[in-house]
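Chemist: In my numbering, the protein residues as written are 1219 to 1543.
Before anything else, here's the structure in question.
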């Protein structure tokens, strides 16, 4: 019903429909920036007239939706790569000597010792190969004296497989929310807000491309350190240096900002006036040690998402899996 052509808000009656992105407290559509959906119903504030009735109900003079449980800055916009790179299959990008995420020439840590591109691998297969490598090495060391310690380690690796399944499931749920938001007509940047900022749009494509880095060892590595004595002989070491080491970039002849500094700048430009704190950690969606791109498209400021339990759990699981050795 309407009064004067406008919808009437009545006492103790919901006036708003559920929004596409689920930004209303207790709505479960996609999640968006909401910290919790576990309260019992839509939450809103009403102030109504005591002496003006319509259809037997008091007419509201003021009404406002409760949105105080947002998990991160309401205006958080995730920097996105070009539509071309988001749609391009990983292998096609690699064949064209492009990073599947940012579209720049393949990064050094996305190549093997022979200079050829590394092969893409699914996230689940990447972690399974890592776990299996450590598992085999652990079993080979087993003897009567260390049996208890080895069995403990093997049990940890068994739990790591369960953690991998949990991580993949959480990321899939985030991606499904983004896909549903897109299907409802949201733009790519708005749809991205329905998922976790620390999750790529797809597994195995774009910034979600994992590379098979487990067995890579560089025989003629770049040397860094005060006396040039530290070899960057693994993908993990090389990608870490590329992300934030000014010394590494000087050795390579790069005079501009590091990828980390550039990523921070792009996140801030997309979310003015929000700033990334000096002590804030820039987390990777696809890990650096798996050949994940060091650009803004594959990173996220931790403090902008870690109050969301689901997003924080994703980072915790991924960090634990990365630490396996």
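Virtual Cβ for every residue (Gly too), placed ideally from N, Cα, C.
May I have the straight-line CA-CA distance separating residue 1298 from residue 1405, to the nearest angstrom?
Modeler: 12 angstroms
Chemist: Using a Cβ distance threshold of 8 angstroms, determine whether the segment 1411-1426 contacts the segment 1493-1512, with at least three qualifying pairs required.
Modeler: yes
Chemist: Give me the Cβ distance between residue 1388 and residue 1540, rounded to the nearest whole Å; I'm assuming they're in contact under 8 angstroms.
Modeler: Actually they do not touch by this definition, with Cβ atoms about 16 angstroms apart.
Chemist: Taking the DSSP output, what are the residues bridged to residue 1482?
Modeler: Answer is none; residue 1482 lacks a bridge partner.
Chemist: Can residue 1336 and residue 1429 be called in contact, C-beta distance under 8 angstroms?
Modeler: yes
Chemist: Would DSSP call residue 1270 helix, strand or coil?
Modeler: strand
Chemist: Determine the contact status of residue 1498 and residue 1519, defining contact as a CB-CB distance below 8 angstroms.
Modeler: yes
Chemist: State the DSSP-derived secondary structure class of residue 1544, mapped to helix, strand or coil.
Modeler: Any property of residue 1544 remains undetermined from this structure, which presents the chain solely from 1219 to 1543.
Chemist: Give me the Cα-Cα distance between residue 1396 and residue 1410, rounded to the nearest whole angstrom.
Modeler: 6 angstroms
Chemist: Return the Cβ separation of residue 1310 and residue 1338 in integer angstroms, given the expectation that the two are a contact with Cβ distance under 8 angstroms.
Modeler: Not confirmed; about 11 angstroms, so no contact.
Chemist: Thinking residue 1371 and residue 1351 are a contact (beta carbons under 8 angstroms), I'd like their distance in whole angstroms, please.
Modeler: About 13 angstroms separates the two Cβ atoms, so there is no contact after all.
Chemist: According to DSSP, is residue 1502 helix, strand or coil?
Modeler: strand
Chemist: From the DSSP output, in three-state form, read off residue 1251 for me.
Modeler: At residue 1251 the pLDDT is 48, less than 50, meaning the model places this residue with poor confidence; the figure from the coordinates comes in the next sentence. DSSP places residue 1251 in coil when its eight states are reduced to three.
Chemist: Alpha carbon to alpha carbon, how far is residue 1394 from residue 1373?
Modeler: If I take the Cα positions, the gap works out to 32 angstroms.
Chemist: Starting from residue 1475, follow its DSSP beta bridges and name the residues at the other end.
Modeler: BP columns for residue 1475 are empty, so no partner.
Chemist: Note the first and the last residue of the continuous beta strand (DSSP E) segment covering residue 1450.
Modeler: 1448-1450
Chemist: When you compare the CB positions of residue 1529 and residue 1414, do they come within less than 8 angstroms of one another, or not?
Modeler: Less than 8 angstroms separates the beta-carbon of residue 1529 from that of residue 1414.
Chemist: By how many angstroms is the C-alpha of residue 1368 removed from the C-alpha of residue 1361?
Modeler: 9 angstroms
Chemist: Please report how far the alpha carbon of residue 1314 lies from the alpha carbon of residue 1322, in whole angstroms.
Modeler: 10 angstroms
Chemist: Run through DSSP, which three-state label would residue 1339 get?
Modeler: strand
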